[in-house]
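Data block below; observations after.
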Amino acid sequence: GTRALCDHFLKYFGCIGVFELAKQITHGCLTCQKVNKKVMRQTLAGGRRIAYRPFERLQVDYTELPKVSRWKYLLVIVDHLTHWVEAYSATRATAKFVVKVLLEHIIPRYGMIRAIHSDQGSHFTSKVVNDLAGALGISWEYHTPWHPQSSGRVEWMNQTLKQQLTKLMLETQLSWVKCLPLALLNIRTLPNADTGLSAYEMMYGMPYSQEMPLTPEAVEDITIQEYIQTMGRHVTELREKGMLAQAGPLGFKIHKIQPGD
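Sequential numbering of the sequence shown, starting at 1, is according to the UniProt record's numbering.
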């Protein structure tokens with residue numbers, strides 16, 4: 001959208017009137033007009049417990065897409081802190097596939113998970129999923145039935161993925177299976193409205209760039225210790241921004257001060 005285009009542009013360039021220019025571009029994009037929906041923001045209700053590291057707390061969901069060969073579903077996984085998204089194509093929405101993805105992809109790549117939030121579909125409430133959660137000490141928390149706002153982050157990501165896939169399919173004439181990697185790249189590198197940072201930058205401490213940010217000569221002037229210390233401070237600052245953007249539970253307190261103290 002207009003805001004995401006402005007945020008991405010202003011990371012690298014300065015320009016007077018960039019918002020109006022971006023607005024003209026997005027309003028003149030026929031593909032965007034066909035696909036994008038107007039979203040009315042509502043006042044946020046109480047959220048979930050705060051995540052302090054990437055992939056500590058996740059939301060998962062299945063979303064259905066037009067069948068291509070034997071692929072019909074996407075298992076969508078969203079990280080609470082960084083908003084990083086993973087999506088895996090599946091032939092059926094099953095509990096075994098959920099367990100397979102967690103054990104073979106998510107946990108080996110990102111570390112142990114503390115909590116997972118999902119709806120109460122049979123593919124998330126089955127015995128094999130409960131056994132996995134119990135064995136690994138994962139708290140699997142279910143959302144309120146018939147209340148999609150409970151899983152707002154992953155539901156929003158489902159819609160965003162479908163929009164991105166539809167645009168790419170219209171532009172490239174390829175199937176959604178072929179377009180999925182590029183759609184994920186687009187979503188991961190777009191700035192988030194709450195933090196002004198992309199999921200990629202939250203994960204890796206630097207914005208996504210197609211060019212080398214430093215020349216070999218410049219790299220030689222930076223010691224490994226200086227680089228690690230600088231990156232560590234930068235990543236800590238980014239994670240703090242991610243924590244501030246989260247909506248905690250209604251009863252969540254950030255201090256022990258009581259009225260009258």
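Backbone N, C-alpha and C define an ideal beta-carbon position, used for all residues, glycine too.
Which residues DSSP lists as bridging Thr-63, in chain order: Paired residue(s): Leu-74.
Endpoints, the beta strand (DSSP E) within which His-117 is located: That run of the beta strand (DSSP E) goes 115-118.
Rounded C-alpha distance that separates Phe-19 from Leu-174: Each residue's Cα considered, the two are about 32 Å apart.
Range of the contiguous alpha helix (DSSP H) that encloses Trp-156: Per DSSP, the continuous alpha helix (DSSP H) segment holding Trp-156 begins and ends at 152-172.
CB contact flag (Leu-65, Lys-162, <9 Å): Result yes, Cβ atoms of Leu-65 and Lys-162 sit closer than 9 Å.
Simplified DSSP assignment, three categories, for Gln-229: Helix.
Residues near His-234 in its chain [Cβ-Cβ closer than 7 Å; skip 5 each side]: Within the same chain, His-234 has close Cβ partners Gly-205.
Alpha-carbon to alpha-carbon, Gln-159 and Thr-166: Near 10 Å, if we compare the C-alpha coordinates of Gln-159 and Thr-166.
Where the alpha helix (DSSP H) containing Glu-20 begins and where it ends: Counted as a single uninterrupted DSSP element, the alpha helix (DSSP H) harbouring Glu-20 occupies residues 18-27.
Whole-angstrom distance between Lys-23 and Ser-126, CA atom to CA atom: If I take the Cα positions, the gap works out to 47 Å.
Burial state of Val-60, where buried means 16 or more other Cβ atoms lie within 10 Å: Buried, because 16 or more other Cβ atoms sit within 10 Å of the Cβ of Val-60.
Coil, strand or helix - Ala-90 by DSSP: In this structure, DSSP gives Ala-90 an extended state, which the three-state scheme calls strand.
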